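Everything on this sheet refers to the single structure shown next.
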C-alpha cells in the first residue's frame with residue numbers, strides 16, 4: 001500500500017479533457033492526480049531552416065512550469081533570461097519521443113509545436129506532458145489530414161509515457177512528488193502502442209540499481225503505458241482509428 | 001448592439017473560480033468571456049533588497065501569456081531570453097495598481113507576488129489580471145492576517161479594472177479582441193471600491209480623442225468596475241468584510 | 001507659490017536649440033528647467049520586417065539616460081545587458097504618440113527613429129522627450145518632403161506633452177523631480193495642436209484621485225501644451241506651416 | 001566486422017594520459033579512438049549556496065567542445081551567449097553520474113568541478129568524459145584525502161561509461177561518429193565497479209526497440225565498462241586501492 | 001596642408017567646458033573639432049568586491065556613443081543586449097590610463113567612475129575621452145580632498161591622450177574621421193605631464209610600419225599632448241597646482 | 001639571470017606541433033614554456049554579411065581559455081553568457097594582426113576562422129596565439145591554393161608576436177606569468193618577416209615608461225620575433241617558400 005492508497009502497479013487518476021483552447025489546432029488538459037498540464041498543438045505551414053527543402057515536416061516541443069506550479073514559487077525563466085538545463089532536457093525529450101511515431105514525409109513541410117505548460121506539478125510532469133501532447137498532436141494532425149486530404153495518416157503508432165521508480169525498496173508505477181523525492185531509482189519510460197521502447201531514462205543518483213530492478217520497473221511501465229494508451233484512444237475517438245494507417 | 005450581442009455598457013460573462021492551485025496562498029481562475037487568466041498569490045517572509053529594514057512589505061506582479069493563448073502562436077519570452085516591453089509595462093501596472101490599496105506597514109516585511117498567467121486571450125488581459133489578482137491577493141492576506149494575528153487588515157479598499165474604448169463611434173465597455181483591434185480609442189481604468197481612480201491609461205494612436213469622449217468612457221468604466229467589485233465580494237465572502245478595517 | 005518660485009500653471013523655462021548634431025536629419029537639445037534631452041531624428045529608406053510591402057512608413061523611438069543624468073549614478077542598461085521596464089514603457093509611449101500625428105502612407109516606406117537621450121534629468125523626461133522629438137521629427141520630414149518632393153506633408157498636426165500632478169493638495173503643471181517625488185497623483189498628457197488627447201496616463205499609486213482632480217489636471221495640461229506648441233512653431237519656422245497640409 | 005575492423009564487442013583504442021595540466025588537482029587526457037577529451041578536477045574549499053551548512057560537499061561538471069572538435073566548425077556557446085540544450089543535458093549527466101559514487105559527507109564542505117573539454121570528437125564524447133572525469137576526480141580526492149587526512153576515502157566505487165547501439169541490425173559497443181549517425185538505437189550506460197547501473201539512457205528516435213535488443217545492449221555495455229575500469233585502475237595506481245575503503 | 005587646413009602637427013580646435021552636469025562630482029564637455037564627449041566623474045564610498053579591505057580606491061571608466069553620434073545611426077548596445085568588443089576595449093583603456101596617475105592608497109576606499117559619452121564622433125573619441133576624463137576626475141578628487149581633508153593629493157601627474165597616424169604618406173597629429181579612414185598607420189598615445197608613456201597602441205592593419213615612422217609619430221604625439229595638458233591646466237585652475245603634491 | 005634561468009633576450013622553449021586536429025584545414029599545438037595553445041584554421045566558402053560581393057575574403061579569430069588553464073579556475077564565458085572584455089580585445093588583436101599579411105582579394109570570397117584555445121596559460125597567451133595561428137592559417141591557405149589553383153599565394157609575409165617588458169628594472173623577452181605580474185611595463189609586439197611593425201601595444205599601468213625603455217623593448221621584440229619566424233619556417237616546410245610570392 002502506498003501513502004495515497006494506491007497499489008504498486010496503480011496509475012494515479014488520469015483525466016484528459018480535450019479542446020481546452022479555442023485557438024490551437026489540438027489541445028488537452030491532462031491530469032495525473034494533482035499534476036496538471038495544458039498541451040496545445042500549433043501547426044505552421046513552414047519548417048525550421050535546417051529542414052528546408054527536404055519535403056519533410058518537423059515536430060518540436062516546449063515545456064514550462066507556471067511559477068507557482070510547485071510548493072515553493074520558482075522564478076520565471078523569462079525573467080532570468082534563459083532556459084534552465086532541466087527545461088531544455090525535458091523539451092528535447094518530448095520532441096524526440098513524439099517524432100518517433102510521426103512519418104515526417106507524410107506530414108509534408110509543416111511544423112507542429114507542442115506546448116506543454118505545467119499548471120500544477122506533483123511529480124511526473126515530463127511523462128504526463130508526453131502522454132497529453134500525443135493526444136493534442138493527433139487532433140491537430142487529424143484536422144490537417146482532413147483539410148489537405150493527406151493520402152497517408154502521418155502518425156504511425158500510439159505513444160505514451162510514465163515514470164517508475166524504486167520507493168522504500170519496492171518498484172512502483174507513476175510516482176507522485178513525495179514518492180519521487182524518496183525514490184532510490186527514478187526511471188522515465190516512453191513506449192509505443194506496439195509495446196516497443198522509444199526512450200528509457202533510468203537514474204540511480206542516490207544508489208545504483210541492478211538488472212533485476214530494471215526489469216521489474218520496465219514491466220510496470222509497460223502495463224501503465226498500455227492503460228494510458230487506452231485513455232488516449234477513448235478521447236481521440238475516430239481519429240484513433242487512423243493511426244498507423 | 002455589439003457583434004457578440006452585448007449592449008454598450010455590458011460586461012462580458014465574468015466567472016471567478018477560487019482555489020484553483022493547491023500550493024498558492026491565494027488563487028483564482030478569472031474568465032471574462034473567452035479571456036482566461038490564472039492568478040496566484042505567493043507569500044514570502046522577506047522583502048526585496050531595496051525595501052529592507054523599513055518595516056514594510058512589498059507587492060509585486062508578473063504577467064505572461066502561454067504561447068498559444070492567442071490566435072497565432074507567440075514565441076516564449078523565456079526562449080527569446082528577455083521580457084518584451086508590453087509584458088514589462090503590464091506587470092508594472094498590475095503591481096502599482098495593487099499596491100495602491102495595500103497598507104505596506106500593516107503587511108509587515110513580507111512580499112506577495114501575484115502571478116497572472118493568461119491561458120487564453122481575447123482582449124482585456126491586463127484589466128482582467130488586475131481584477132483577478134486582487135481576489136488572489138486578498139485570500140493570501142486573509143490567511144496571513146489569521147496566522148499572524150495582524151492587528152490591522154492590510155488591504156484598505158477594493159480594486160478592479162476594466163477596459164473601455166470607442167468602437168465604430170460609440171463608447172463601449174469591456175472590449176473583446178475584435179473590438180479592441182478596431183477601437184479608435186483604447187482606455188484601461190483601475191478604480192477603488194470608493195470610486196476613486198488609481199490608473200487611467202488612454203491611448204488614441206489611431207485618432208486623438210476629445211474631452212467628451214473621455215468623460216463618457218470614464219463613466220462606463222466606473223459602472224463596469226462597480227459590477228466587478230460585486231463579483232469579487234461574492235467570492236471573497238467573509239474576507240471581504242475585513243477590507244478597509 | 002512653488003518651491004522654485006513658479007505659479008501652479010507655470011511651465012519651467014523651456015529652451016529648444018535646433019541642429020545640435022551634424023549628422024542627424026533632424027536634431028534638438030530641449031531643456032525644461034534642469035531637464036535636458038538631446039533628440040535626434042534618423043531617416044532610413046526601409047521599414048521593419050512587420051511593415052514591409054504595405055507602402056507605409058514607420059516611426060519608432062528609443063530613450064535612454066546617461067548614467068549620471070541623475071543625482072545618484074545609474075548602471076548603464078548596456079552593461080546590465082537589458083533594457084529596464086521603465087525604459088521600454090517610455091520608448092513605446094514616445095513612438096506611439098508621434099505616430100498619432102504622422103500619415104504613414106504619405107511618409108512612404110521609410111523609418112524615422114527618434115533617439116531621446118537624457119543628458120540631465122530633473123523630472124518630466126518622457127514628456128520633454130516627446131515635445132523635443134516632435135521638433136526633430138518635423139525637421140527630418142521637412143528635409144524628406146523637399147528631397148523627394150512629397151505631394152502631401154506627412155505630419156498632420158502638432159504634438160507636445162507635459163506632466164501634471166497634485167502636489168501638497170494642489171494641481172500643478174510641469175513638475176520637477178522634487179515635486180514629482182512628493183506628488184500624490186502623477187499624470188502625463190500628450191495632446192495635438194487641435195487640442196485632442198493622444199495619451200492620458202494618470203497614476204495614483206500613493207493615493208487614488210477623484211474625477212474633479214482629474215479634470216483640473218487635464219485643464220492645466222492643455223494650457224501648458226498649447227504654450228509648448230507655440231515654442232515648437234517658433235523653432236520650426238517655415239516647416240511649421242506645412243503641418244496638416 | 002565493423003568499418004574500422006573492430007568486432008561488435010570491441011572498445012576503440014583507449015589511452016588515458018594523467019597529469020596533463022600543471023594547475024589542476026587532477027587531470028587526464030582521455031582518448032577513445034579519435035575522440036579526445038581533457039578532464040580536469042578543480043577543488044574549492046566552499047560549496048554552492050544551496051548546499052551551505054549541511055556539512056556535505058558537492059561534485060559538479062561542465063562540458064564543452066572546441067569549435068573545431070567536429071568535422072564542421074561549431075559556433076562557440078560563449079559567442080552565442082548561452083549554453084545549448086545538448087551541453088546542459090550532458091553536463092547534468094556527468095555531474096549526476098559522478099555524485100553517485102561519492103560520499104559527500106566524507107568529502108566535507110568542498111566543491112570539485114570536473115571540466116570536460118572535448119578537443120576532438122568522434123562519437124561517445126559524453127561517455128568518454130565520464131570515464132575520464134572519474135580518474136581526474138579520484139586523483140584530486142586522493143590529494144585531498146592526504147592533505148586533510150580524511151578518515152574515510154570519499155569515493156565509494158569505480159565508475160565508467162560507454163555507448164552501445166544497434167547498427168545495421170547488430171548490437172555494437174563504443175560507437176564512433178559514423179556508426180552513431182547510422183544507429184537505429186543509441187544507448188549510453190554508466191555503471192559502477194560492482195556492476196550496478198547508475199544511468200541508462202536509451203533512445204530509439206529512428207525506430208523503437210525491443211526488450212531483447214535492450215538486454216543485448218546492456219550486456220555489451222557491462223563488458224565494455226569492466227574493461228574501462230581496468231584501465232582506470234592501471235592509471236590510478238595506489239589511489240585505486242582506497243576506493244570504497 | 002590637410003583637408004581641413006591644418007598643418008601636420010596641428011591639433012583640432014580643443015574646447016573644454018567644465019561643470020556641464022549639476023549632479024556629478026566632476027564634469028566637462030570636451031570638444032576636439034567636431035568630436036564631442038561628455039565626461040562625468042562619479043564618486044562612491046565603496047570599492048568593487050575584488051578590491052575590498054585593501055585600504056585602496058579604484059578608478060573605472062565606461063564609454064558609449066549616442067546612436068546618432070555617427071554618420072550612420074548605430075544600434076544601441078543596450079538594445080542589442082551586450083557591449084561590443086570595441087566599447088570594452090576602449091573603456092578598459094580609459095580606466096587603465098587614468099589609474100596610472102592615481103595614488104589609490106591616497107584615494108582611500110572609494111570608487112570614481114568616469115563616464116565618457118560621445119555626443120558626436122569625428123575621430124579620436126577614445127583619446128578625447130581620456131583627456132576630458134582626466135579633468136573631470138581631477139575636479140572630483142579635488143572636492144574629495146577638501147571634504148575629507150586628504151593629507152596627500154591622490155593624483156600624481158597630468159595625463160592626456162591624442163591620436164597620430166600616417167595619412168597619405170605623412171605623419172599627422174589628431175586625425176579626424178576622414179583622415180583616420182585613410183590612415184595606413186593609426187596610433188593612440190597616452191602620456192603624463194612628465195613626458196612618459198602610459199599607453200602606446202599602434203596598428204598597421206592596412207600596412208605595417210617602420211621604426212622611423214613610429215618615432216616620428218611619437219614625437220608628434222608628445223607635442224600634441226603637452227598642448228592638451230596646457231588646456232587642462234587652464235580649466236583646472238587651483239586644483240591643477242595640487243597634482244603630484 | 002631570470003628566475004627560470006633564462007637570459008634577458010632568451011625566448012622560452014618553443015615547440016610547434018602540426019596537424020593536431022584531424023578535421024581542421026590547418027592546426028598546431030604551440031607551446032611557449034608552460035603556455036600551450038591549440039590553434040586551428042577553419043575554411044568556409046562564404047564571407048560575413050558586411051563583406052559580401054566585394055570579391056574579397058575575410059580572416060577572423062576567436063580566443064578562449066579552458067577554465068583550468070590558470071592557477072585558479074575561471075568561470076566559462078559560455079556559462080556567464082557573455083565574452084569578457086579581455087577576450088574580445090585579444091581576439092580582435094589576433095584577427096587584425098593576421099589580416100595584415102593576407103591579400104584578401106587573392107584569397108577570394110572565403111572566410112578563415114582561427115580558433116586559439118589556451119589549454120594551459122603561463123603568460124604570453126595572446127602573442128603565442130598569433131604565432132601559432134599564423135602557422136595554422138598558412139597550412140590552410142596552402143591547401144586552398146592547391147585545391148583551387150590560386151594564381152597568387154594569398155599570404156604576403158611572415159608574422160609572429162612576442163611579449164616584452166621591464167622586470168626588476170631590466171628589459172626582458174617573452175615573459176612568463178610570474179614575470180608578467182611583476183612587470184612595470186608590458187608590451188606586446190607583432191612584426192612581419194620583413195621586420196616591420198604590425199601592432200605595438202605598450203602599457204605602463206604600474207608606472208609610465210620612457211622613450212629609451214621603449215626602444216630597448218622593441219629591439220628585444222624584434223630579435224625574438226625573428227627567432228620565432230625561423231621556427232615557423234621549419235614547420236611549414238615547402239609552404240613557407242610560397243609566402244609573398
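Residue numbers (full-length UniProt numbering), protein chains in the order written: chain U, 1 to 245; chain X, 1 to 245; chain F, 1 to 245; chain Y, 1 to 245; chain E, 1 to 245; chain H, 1 to 245.
Ideal Cβ positions, reconstructed from N, Cα and C, are used throughout, including at glycine.
It should be emphasised that the depicted structure is a prediction, and the values quoted were computed from it without experimental measurement.
Unbroken alpha helix (DSSP H) stretches of 4 residues or longer found wholly inside the segment 151-231 of chain F: 177-182, given in chain order. Restricting attention to beta strand (DSSP E) runs no shorter than 3 residues, the UniProt domain "Exoribonuclease phosphorolytic" (11-140) of chain E encloses them at 14-18, 26-32, 35-44, 58-65 and 111-120, ordered along the chain. One thing to note: residue 64 of chain Y has its Cβ within 8 Å of the Cβ of residue 87 of chain Y. The residues 28 and 29, in chain order, have a CB closer than 7 Å to that of residue 17 of chain F in the same chain once the five nearest residues on each side in sequence are set aside.
Of all residues in the segment 139-164 of chain U, none has a C-beta nearer than 7 Å to a C-beta of chain Y. In the structure shown, residue 3 of chain Y adopts coil according to DSSP, grouped into three states.
For residue 13 of chain U, the number of other beta carbons within 10 angstroms of its own is below 16, and it is reported as exposed. The beta carbons of residue 164 of chain X and residue 225 of chain X sit no closer together than 8 Å.
Nearest C-alpha to residue 183 of chain F among F/231, F/49 and F/209: F/209.
Between the alpha carbons of residue 180 of chain F and residue 139 of chain F lies a distance of about 31 Å. Collapsing the DSSP output to three states places residue 237 of chain H in a helix.
Put simply, the backbone Cα of residue 136 of chain E is about 11 Å away from that of residue 98 of chain E. Burial is judged here by how many other beta carbons sit within 10 angstroms of a residue's own beta carbon; residue 153 of chain U has at least 16 and is buried.
Burial of residue 78 of chain F is indicated by the presence of at least 16 other C-beta atoms within 10 angstroms of its C-beta. Counting only the Cα atoms, residue 10 of chain F lies some 25 Å from residue 202 of chain X. Relative to the Cα of residue 234 of chain X, the nearest Cα in the group X/223, X/244 and X/158 belongs to X/158. The three-state secondary structure of residue 142 of chain H, taken from DSSP, is helix. In terms of beta-carbon proximity, residue 117 of chain U lines the interface with chain X, with at least one pair separated by less than 8 Å. The closest CA to that of residue 186 of chain F, considering only F/204, F/128, F/105 and F/127, is found on F/204.
For residue 242 of chain Y, the three-state secondary structure derived from DSSP is helix.
Within chain Y, not a single residue places a beta-carbon under 8 Å from that of residue 92 of chain H; the smallest gap is close to 13 Å. In this model, residue 80 of chain X and residue 83 of chain Y are separated by some 14 Å (Cα to Cα).
Near chain E, meaning a CB-to-CB distance below 7 Å, the residues of the segment 68-92 of chain F are 68, 70, 71, 73, 76, 77, 78, 79, 81, 82 and 83. Taking 9 Å as the upper bound on Cβ-Cβ separation, chain X lies near residues 199, 200, 201, 202, 203, 204, 205, 206, 207, 208, 209, 210, 211, 213, 214, 215 and 218 of the segment 199-220 of chain F. Closer than 7 Å at the C-beta level to chain U, one finds these residues of the segment 98-116 of chain Y: 99 and 100. Burial is judged here by how many other beta carbons sit within 10 angstroms of a residue's own beta carbon; residue 149 of chain H has fewer than 16 and is exposed. Chain-order list of chain U residues neighbouring residue 96 of chain Y: 203 and 205, by C-beta distance under 9 Å.
Contacts between residue 120 of chain U and chain X, judged by CB atoms closer than 7 Å, involve 21 and 22 in chain order. Nearest Cα to residue 59 of chain Y within the set Y/112, Y/3, Y/71 and Y/244: Y/112.
Excluding sequence positions up to five before and after residue 127 of chain Y, its CB lies within less than 6 Å of the CB of 161, 162, 163 and 188, all in the same chain and listed in chain order.
Taking CB atoms only, residue 60 of chain U has no neighbour in chain X less than 8 Å away.
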